[in-house]
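Numbering (my numbering), first residue to last: 6 to 370.
Since the structure comes first, as structure tokens, the remarks are kept for the end.
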């Protein structure tokens, strides 16, 4: 009996010894995380980074998530999307479901990892089941388009609803789109407008933009050009490139407002900064012709080139024309032909195609 008590006592003592380092490690991880969050809050991301890393090493899933965010966005350390994905994985494996959500986005878009829709769907499911609203919205989109899971519009409706109800504005906007287009349920423009507004009020730019279109056309809501412009402005401010372009063309051509080419140029600039190809081309044309901005051939060429690189056939044609004529850049028929040919591959309009084809034939001859 005495021997048994000794053995029992030894087992208990060993258990306590094992528990104490584990508890200390957890306490240390929490201390490192707390110090990192304080440094980040004070605007010192460089100081926060090693603290988050240490917290992650000590087993803090949130520490792994925070260092992943820093690596993902280049905040306090060099941007490294592959490393960020690795830390999102550690966070997810440790039970931080926001890590699962962000890793799902990486797999969906091929950011830092090879694109894999099936893995994205599995991770979105994990996040959604854990009440991460964006996970439900992300999984809803995969169901809507049939990537990584079978295409299922009704499942998309249910998942967008879950995302919206759980507080994700993008979920509300996405559900609004299904009502707007009658996908998976009966078309209902009034319901779509309500959901777009809900999304917009949560600063989902696409919600603001879509509601702006509805007010501009009087579709599901009263026609109100001023409200439409207000919504486009908010969406543009939230970096929605299509809204910036729409605002620009509204002022450029005086569609329901007084024509203002200078104001148009401002919004073309914002759209171009967001890599919206048509905005870059139109702003280039403005500089080429001194419309709304001072004439500047070099600026025009640079904008045409950016438009071309973003996939705009008019931009490529204009770059080709500059090389053919030797405007701003040295005359170079070979480069001109290259850009004309590129323009032709970018599905130009029926109006522009003959002009491009003539330019190619001219230089080939």
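Ideal Cβ positions, reconstructed from N, Cα and C, are used throughout, including at glycine.
For residue 52 and residue 41, the rounded distance between their alpha carbons: 7 Å
Runs of alpha helix (DSSP H) wholly within the segment 216-249 (minimum 4 residues, chain order): 230-242
Assigned secondary structure, residue 382 (DSSP; H/G/I helix, E/B strand, else coil): Beyond the ends of the chain as shown, which are 6 and 370, falls residue 382; an answer cannot be given.
Residue 148 in three-state terms, based on DSSP: helix
C-beta contact flag for residue 89 and residue 77 at 8 Å: yes
Beta carbon of residue 153 nearer than 8 Å to that of residue 122: yes
Collapsed DSSP secondary structure at residue 361 in the structure displayed: helix
Sequence-distant residues of the same chain with beta carbon closer than 7 Å to residue 275, five excluded per side: 241, 249
Simplified DSSP assignment, three categories, for residue 298: Correct three-state label for residue 298: coil.
Per-residue burial, residue 359 [other beta carbons within 10 Å of its own, 16 or more giving buried]: Counting Cβ neighbours within 10 Å, residue 359 comes out exposed, since fewer than 16 surround it.
Buried or exposed (CB count within 10 angstroms, at least 16 for buried), residue 150: exposed
Enclosing alpha helix (DSSP H) for residue 107 [first to last residue]: 102-114
Contacting residues, own chain, Cβ-Cβ under 6 Å from residue 139 (five flanking each side not counted): 106, 173
Backbone CA spacing between residue 259 and residue 221 [nearest angstrom]: 14 Å
At least 3 beta-carbon pairs within less than 8 Å: the segment 156-163 vs the segment 180-194: yes
DSSP three-state assignment for residue 314, whether helix, strand or coil: helix
CA nearest to the CA of residue 38, picked from 45, 57, 369: 57
Residue closest to residue 257, alpha-carbon to alpha-carbon, out of 247, 271, 45: 271
Option nearest residue 356 by Cα separation, candidates 283, 101, 319, 227: For the residues 283, 101, 319, 227, the minimum Cα distance to residue 356 belongs to 319.
Which of helix, strand or coil DSSP assigns to residue 72: helix
Whole-angstrom distance between residue 349 and residue 330, CA atom to CA atom: Approximately 19 Å between the Cα atoms of the pair.
Assumed close pair residue 135, residue 102 - CB separation to whole angstroms, cut-off 8 Å: Sure, about 4 Å apart at Cβ, within 8 Å.
Exposed unless 16 or more other CB atoms sit within 10 angstroms - verdict on residue 47: exposed
Residue 266, enclosing alpha helix (DSSP H) - first and last residue: It spans 266-278 - the alpha helix (DSSP H) in which residue 266 sits, taken as one unbroken run.
Residue 180 in three-state terms, based on DSSP: helix
Bounding residues of the alpha helix (DSSP H) (the contiguous stretch that carries residue 55): Segment 50-62, the alpha helix (DSSP H) holding residue 55.
Residue nearest to residue 118 in terms of C-alpha spacing, selected from 169, 145, 92, 290: 92
Cut-off 6 Å between Cβ atoms - residues of its own chain near residue 54, not counting five sequence neighbours on either side: 75, 81, 82
Through-space distance from residue 294 to residue 288, alpha-carbon basis: 10 Å
8 Å Cβ shell around residue 368 - same chain, five flanking residues per side excluded: 329, 338, 341, 342, 345
Buried or exposed by the 16-neighbour rule on C-beta atoms within 10 Å, applied to residue 300: exposed
Boundaries of the alpha helix (DSSP H) in which residue 339 is found, first to last residue: 338-350
Classification of residue 291 by the beta-carbon crowding that lies within 10 angstroms, buried from 16 upward: buried
Beta-carbon proximity list for residue 68, same chain, < 6 Å, skipping 5 on both sides: Listed in chain order, the non-local C-beta contacts of residue 68 below 6 Å within the same chain comprise 38, 57, 60, 61, local neighbours out to five positions each way being set aside.
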